[in-house]
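Numbering (this note's numbering), first residue to last: 1 to 230. Heads up, the beta-carbon is just placed ideally off N, CA and C, and yes, glycines get one too. No experiment lies behind these values; they were computed from the predicted model shown.
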């Protein structure tokens, strides 16, 4: 089972706590929904944060994420940092299968030459295909436009107008698809109190009302990508 959650692209001092608290919420929900009831055992759930480069302060984000998760008493968090040296990076290969969930906190939108080694990409693909949990943290949905399987894993991300499909939902719940080249590239406006409405019921939104308002939220327009099975 893989729950992929994408969060805000830009955060300040106020909003970092909002999305990190939501990280804890969704990870708790993810594990309580697992068929084996893993989260209900006394054993701490192993989590791996992958970081090393981003257009945000990835060191702070990883440190605060680790602190919040471990303070809950439910998780044991390790951090694997992609080596800065290009030669050392080629042999970087975390043991993904030792963890119940991988939190992806790398983003190469400002430098497309920063990539994971091919073997590491394939290892993550295998991990997810076998049921490993993948959590796309914050601006990590901006990353790796070159990686076909990653685009499929995130569903929609921050992409240019020429890349991927974008979805628009009207007031009646009808979905319009924009093909590559149609519509616009991904972006966002000012933060605002957004009205969230449920289109389809799913375990991830079980117990939620049909609509509710979030506070000080950054909303993407024209997120684009694979757009399958979402």
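*Looking only at C-alpha atoms, which of 138, 196, 96 sits nearest to residue 129?*
96
*Report yes if the CB atom of residue 137 is closer than 9 Å to the CB atom of residue 103, and no otherwise.*
yes
*When the Cα atoms are used, what is the spatial distance from residue 99 to residue 195?*
35 Å
*Buried or exposed for residue 177, please, with buried defined as at least 16 other CB atoms from any protein chain shown within 10 angstroms of its CB.*
exposed
*Hey, which unbroken runs of the alpha helix (DSSP H) at 4 residues or more fall wholly within the stretch 76-102?*
86-90
*Assuming residue 77 and residue 66 form a contact by the criterion Cβ under 8 Å, report the distance between their Cβ atoms to the nearest whole angstrom.*
4 Å
*Contact set for residue 210: own chain, Cβ-Cβ below 6 Å, skip 5 residues either direction*: 198
*asked:* Let me check one thing: in DSSP terms, what residues is residue 168 bridge-paired to?
replied: 176
_For a quick check, are the C-beta atoms of residue 219 and residue 192 less than 9 Å apart?_
yes
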